[in-house]
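Asks: Remember, this note's numbering sits 254 above the position in the sequence shown when you count from 1. For each residue, glycine too, the CB sits at the ideal point set by N, CA and C. Below is one structure. I have some questions about it.
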Amino acid sequence: MDLNRYLERIGHHEQVACTLSTLRSIVFAHATSIPFESLDPLAGIRISLDAEAIFDKLIRRRRGGYCFEQNALLAAALREVGFEVEELSARVWYNNFDGATPPRTHVFLAVTVDGTRWLADCGVGGSTPTGLMELDRIGEDQELLGETRRIVSMDERLVPTSMHQVRHGDQWSDVYEFTGETMPKIDQEMGNWWTSSHPDSKFRKNLIVALLNRDGTRCSIVNNEFLHRRGAEVVQRIHIGSRSQLSGLLRDRFGLELPANADVSPLMG
Numbered sequence: 255m256d257l258n259r260y261l262e263r264i265g266h267h268e269q270v271a272c273t274l275s276t277l278r279s280i281v282f283a284h285a286t287s288i289p290f291e292s293l294d295p296l297a298g299i300r301i302s303l304d305a306e307a308i309f310d311k312l313i314r315r316r317r318g319g320y321c322f323e324q325n326a327l328l329a330a331a332l333r334e335v336g337f338e339v340e341e342l343s344a345r346v347w348y349n350n351f352d353g354a355t356p357p358r359t360h361v362f363l364a365v366t367v368d369g370t371r372w373l374a375d376c377g378v379g380g381s382t383p384t385g386l387m388e389l390d391r392i393g394e395d396q397e398l399l400g401e402t403r404r405i406v407s408m409d410e411r412l413v414p415t416s417m418h419q420v421r422h423g424d425q426w427s428d429v430y431e432f433t434g435e436t437m438p439k440i441d442q443e444m445g446n447w448w449t450s451s452h453p454d455s456k457f458r459k460n461l462i463v464a465l466l467n468r469d470g471t472r473c474s475i476v477n478n479e480f481l482h483r484r485g486a487e488v489v490q491r492i493h494i495g496s497r498s499q500l501s502g503l504l505r506d507r508f509g510l511e512l513p514a515n516a517d518v519s520p521l522m523g
């Protein structure tokens, strides 16, 4: 981990130390600088979780990535600073298009500062938190930048399970469920293989790109629709009707290039 180069990539110019202030600023800078994207699975490109490969892709080549890449990079940077970091597994319900039980293919971070565990996550696409959440604060609203979130207990489960939720207007939406179980690298490799390779993975069938902006708004592309939104309010909506239009939006709004062999024509209807 070249910490200085990482901090330069995310535009973090403050001194770093094992403090809550540093944790907040690094996580926010990361989430607002490195886009969430799943372009490689659409292009049939294998996603490597090797630390050097992730650093090369997200830092040197200034690409984005999904949770296994984003949060591995974030964890490595935080450990380099000196933070105590756990990598935890989760089952994502956000953007669960068909309503079926999703696989346990998400990793997020628990970072301990002065005895308090904080949920840090830069890899949930259009629902990436705008800040940190207290991981063990159950059932209480937590106010972040421009949004309200909470962690609730799912009492009906045999294994103690929690659900991370975000409020949109008067409604609570599920983001992901978790038991607090760690996700070793071998389990991340298994999840990464399924997510990037299995024909039923949503990332093999959908184009998904998202970026949190520093003002708390979000930009996203899901298949043929670009959205710029503030919470549930849509600031701008664009229907994408061609590959060239998609390429322009990826370049201008996310700093990304569409891989030449990404087959997006079925998604442009």
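From Leu332 to Gly502, what distance separates their C-alpha atoms?
Replies: In a straight line, the C-alpha of Leu332 is about 34 Å away from that of Gly502.
Asks: Which whole-angstrom value describes the C-beta separation of Ser371 and Leu389, a residue pair presumed to lie in contact below a C-beta threshold of 8 Å?
Replies: The sequence as given places Arg at residue 371; Ser does not occur at that position. Rounded, the Cβ-Cβ distance is 4 Å, consistent with contact.
Asks: Can you check the stretch 293-363 for any alpha helix (DSSP H) of at least 4 residues that lies completely inside it and give the ranges in chain order?
Replies: Within the stretch 293-363, the complete alpha helix (DSSP H) runs of at least 4 residues are 293-296, 305-309, 321-335.
Asks: Helix, strand or coil for Phe461 per DSSP?
Replies: As written in the sequence, residue 461 is Leu, which differs from the Phe given in the question. Note: Leu461 maps to coil in three-state DSSP.
Asks: So, with DSSP's three-state summary, where would you put Ala516?
Replies: Looking at Ala516 - three-state DSSP - the assignment turns out to be coil, as it is neither helix nor strand.
Asks: Taking three-plus beta-carbon pairs below 8 Å as touching, is the stretch 309-317 in contact with the stretch 346-366?
Replies: They do not touch, by the three-pair rule.
Asks: Secondary structure at Glu291, three-state DSSP: helix, strand or coil?
Replies: Of the three classes helix, strand and coil, the one that applies to Glu291 here is strand, per DSSP.
Asks: Per DSSP, which one or two residues make a beta bridge with Arg403?
Replies: DSSP lists Gln396, Val420 as partners of Arg403.
Asks: Just to confirm before moving on: does the CB-CB distance between Ile308 and Arg263 stay below 8 Å?
Replies: No. Outside cutoff.
Asks: Which full runs of the beta strand (DSSP E) of 3+ residues lie inside the stretch 437-502, going along the chain?
Replies: If we require 3 residues or more, the beta strand (DSSP E) runs fully inside the stretch 437-502 come out as 462-466, 472-476, 479-484, 487-493.
Asks: For the alpha helix (DSSP H) that contains Ser279, what are its first and last residues?
Replies: Element bounds for Ser279: 274-285.
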